[in-house]
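In my numbering, the protein residues as written are 1 to 695.
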């Protein structure tokens, strides 16, 4: 089957004295039948070129299912007289939200069954899920097409009864204040720009506008303090934030700013007693902890700035405060009690991810935590903040798998400018790190987001076939704090891409087969792999770019698109000539060249509001028309989904099996290794299955 060839219909962009031709801009018109026909043809071509992989895809899919306990119940979390949880059932793709009265093993009451909500829809995603403080009502949002425009609904808890007050378009996120429900509404560019207040039982046409954000760089989020005393309205740009509060005892009060809005200062708050607890980067690039009187007044510093410690967020409880952050590339938390010094919560292994689990009670000494690593399934603990002791409540079972056969290693690899890039390496213990094994390298590198070293059942399908998996924690992310982000954004964005190339080069020189390296990234991570590909396509055997942000300049020029103005402070504003030049220099779509491209699998979502489907479609069309090689260049578009691809766990498993089968095939790997395969390991420290090494 011949690959589709999109016709060239050039349009011209003239900017800052430069004339640039775009031959595939016409693919942006989704109302054009020829565009949809082209996407259908691309899907048919991708299916035909990978048809021989169906047995491997089915094998992988069945492995995913066999290694998952499909009938499962989360650890219930207490809130007042009720214990809240969610469960899954075999053969049903979505979660069921439940509660039990009086005890975690009490009679089960269904609050929301996502499977019933999704019935008859090709796509489904639950947005907000918010049980009222009196436990009587449940507010929730539903998205049936991937557009992330959620219809807000209210249900009588424990019954199928739906109230008539439906709000057709919201941005997700709600906060209760007595009979009032606060919610956000997006503008035409999908920016949550308004907060509204709805009184239960009234016509939504009577809802009251509470706050409108006129600065297009800012988006709004609404939530509640853990104490339940305040509704929080958070206005956030890429570099600046402001938090407003509304007392839940006076929901009609005018929102009051806590610390105002200062350019390039970000902060977040929670409430306890007569004070707000604040984590801010004001005069503290990696954050410090303050308290501010609720009624106004001078701030008091509780934890000063420490350049070796990132403070990111704060949760306040009746008897203690938890500060979340990072140290030396790893997630961390600190407990502050009135009667003692701050205590760091540590887990005895080098490679792990620490997250808060559901902490629904305000007055409690048990902090619910989730711990996992690439070789440790998600494990739910209660941490006693007084005694400093751990109680394991549940560890996710992985049937048929001996996790001692796998190993996670923390590495540091030197970048081109001398900075040391954290790398998480995962492999089977019987897969040698002697330069003979293929590898898949994952990267992101944007928004100060950290790629967590999480456990993945689907990843085992790679590891069992002798593939080494690596996460390149490149600059632009937040793994080493805010400075790590600042070194990979705006004018320094190129560092993100050269970091990835440095990791791939070093791995290929010392640990894995340099001729068989695949790279994978999604969304902004798709930009990372796309830009690295443009810089040196010879480094990669396979590229997987999922919903990739690759048409950077054209997207950042179009202020009508979602996220454009909001993200000028992350990528740059091409209306500025200097910023245009640095963006133009790395943008993947702008830098397609007549070279041998490796095998590529690129995905898109027709309803994606974050990365328009046309970005990957244009990129693939341009590469296919330009490449001097013969490797497959595939585009797979979900015609009924958005940024997050198909919904439901079975659909996601099928998608992942498609990706992994393509990668394995192009790397020349098909079957799991024989059990007699020779073993080679490095010296380890810490708990079994995890180690630290430097290279």
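Ideal Cβ positions, reconstructed from N, Cα and C, are used throughout, including at glycine.
So, is residue 683 buried or exposed, given that buried needs 16 or more other C-beta atoms within 10 angstroms?
Residue confidence for residue 683 is low, a pLDDT of 23 falling below 50, so the modelled location carries little weight; the figure read from the coordinates is stated next. So residue 683 counts as exposed.
Three or more C-beta pairs closer than 8 Å, one from the stretch 362 to 378 and one from the stretch 406 to 415: is that the case here?
Yes: the two stretches touch, three or more of their Cβ pairs being nearer than 8 Å.
Would you identify the three-state DSSP class for residue 669, choosing helix, strand or coil?
Residue 669 falls in the coil class under three-state DSSP.
Extract the residue ranges of the alpha helix (DSSP H) inside the stretch 220 to 306, only unbroken runs of 4 or more that lie entirely within it.
Entirely contained in the stretch 220 to 306, not one alpha helix (DSSP H) run reaches 4 residues.
Using three-state DSSP, classify residue 494 as helix, strand or coil.
Residue 494 falls in the helix class under three-state DSSP.
Out of curiosity, what's the CA-to-CA distance linking residue 402 and residue 391?
Distance between the alpha carbons of residue 402 and residue 391 is about 23 Å.
For residue 563, which three-state DSSP category applies?
In the structure shown, residue 563 sits in coil (DSSP, three-state: anything other than H, G, I, E or B).
Please go through the same chain and pick out, in chain order, the residues whose beta-carbon is closer than 6 Å to the beta-carbon of residue 337, but skip the five residues on each side of it.
Closer than 6 Å at the Cβ level, and outside the excluded window around residue 337, lie 320.
Label residue 295 either buried or exposed according to how many other C-beta atoms from any shown protein chain fall within 10 Å of its C-beta, with 16 as the threshold for buried.
With fewer than 16 other Cβ atoms within 10 Å, it is exposed.
Select from 293, 533 and 322 the residue whose C-alpha is nearest the C-alpha of residue 342.
Considering only alpha carbons, the answer is 322.
Nearest-angstrom Cα distance between residue 301 and residue 231?
Computed Cα separation, rounded: 24 Å.
What is the DSSP secondary structure of residue 17, reduced to helix, strand or coil?
Coil, per DSSP.
If you count every other CB in all the chains shown that lies within 10 Å of the CB of residue 556, and 16 or more means buried, which is it?
Counting Cβ neighbours within 10 Å, residue 556 comes out buried, since at least 16 surround it.
Measuring alpha carbon to alpha carbon, tell me which of 547, 159 and 228 ends up nearest residue 178.
Residue 178 has its Cα closest to that of 228, out of 547, 159 and 228.
So, at 7 Å on beta carbons, what are the nonlocal neighbours of residue 170 in its own chain, with the 5 sequence-adjacent residues on each side left out?
So the qualifying residues of the chain are 141, 150, 152, 183, 184 and 185.
Tell me, to the nearest whole angstrom, how far the beta carbon of residue 368 is from that of residue 358; I am working on the premise that it is less than 8 Å.
With 8 Å as the limit, residue 368 and residue 358 qualify as a contact, their Cβ atoms being about 6 Å apart.
Using the Cα positions of residue 423 and residue 471, report the straight-line distance between them to the nearest angstrom.
Going from the Cα of residue 423 to the Cα of residue 471 covers about 6 Å.
Leaving out the 5 sequence neighbours to the left and right, which residues in its chain are closer than 8 Å to residue 699 when beta-carbon positions are compared?
Within the shown structure, residues of the chain are numbered from 1 to 695, placing residue 699 beyond reach of any answer.
Hey, how far is the Cα of residue 108 from the Cα of residue 95?
Roughly 15 Å separates the two Cα atoms.
Which residue from 532, 318, 239 and 2 puts its Cα closest to that of residue 268?
Out of 532, 318, 239 and 2, 239 has the C-alpha closest to the C-alpha of residue 268.
Can you tell which of 381, 46, 464 and 309 has the C-alpha that lies nearest to the C-alpha of residue 67?
Ranking the options by Cα distance to residue 67, first place goes to 464.
Please report the straight-line C-alpha distance between residue 129 and residue 278, rounded to a whole angstrom.
Looking at the two C-alpha atoms, the distance is approximately 26 Å.
Under 8 Å: do the stretch 454 to 469 and the stretch 486 to 504 share three or more Cβ pairs, one atom per stretch?
Because the criterion of three Cβ pairs below 8 Å is not met, the stretch 454 to 469 and the stretch 486 to 504 do not touch.
For residue 605, tell me which candidate among 625, 578, 523 and 626 has the shortest Cα-Cα distance.
Measuring from the Cα of residue 605, the nearest candidate turns out to be 523.
Can you give the Cα-Cα distance for residue 647 and residue 115, rounded to whole angstroms?
Approximately 11 Å, taken between the alpha carbons.
Have a look at residue 282 and residue 348 and give me their C-alpha separation to the nearest angstrom.
C-alpha separation (whole angstroms): 33 Å.
Taking the Cβ atom as the reference point for each residue, do residue 111 and residue 99 lie within a distance shorter than 8 Å?
In contact: residue 111 and residue 99 (Cβ atoms closer than 8 Å).
Return helix, strand or coil for residue 587, following the three-state DSSP convention.
Of the three classes helix, strand and coil, the one that applies to residue 587 here is coil, per DSSP.
Would you tell me roughly how many angstroms separate the C-alpha atoms of residue 225 and residue 196, rounded to the nearest one?
Using only the alpha carbons, I get a separation of about 18 Å.
Taking DSSP's pairing of strands, which residues face residue 618 in a bridge?
Partner(s): none; residue 618 has no beta bridge.
Residue range of the beta strand (DSSP E) that residue 182 falls in?
Its beta strand (DSSP E) spans residues 180 to 186.
Rounded to a whole number of angstroms, what is the C-alpha to C-alpha distance between residue 209 and residue 199?
Spanning the two alpha carbons is a distance of roughly 12 Å.
Where does residue 675 fall in DSSP's three states?
Caution applies to residue 675, whose pLDDT of 42 falls short of 50 and renders its modelled position unreliable; the model cannot decide the point.
Please look up how many angstroms separate the CB atoms of residue 494 and residue 586, rounded, as I've assumed it's under 8 Å.
So it is a contact: roughly 6 Å between Cβ atoms.
Alpha carbons only, please: which of 654, 653 and 600 is nearest the one belonging to residue 49?
Closest option to residue 49, Cα to Cα, is 600.
Between the stretch 559 to 577 and the stretch 528 to 541, can you find at least three pairs of beta-carbon atoms closer than 8 Å?
The stretch 528 to 541, when compared against the stretch 559 to 577, does not touch it at the 8 Å Cβ threshold.
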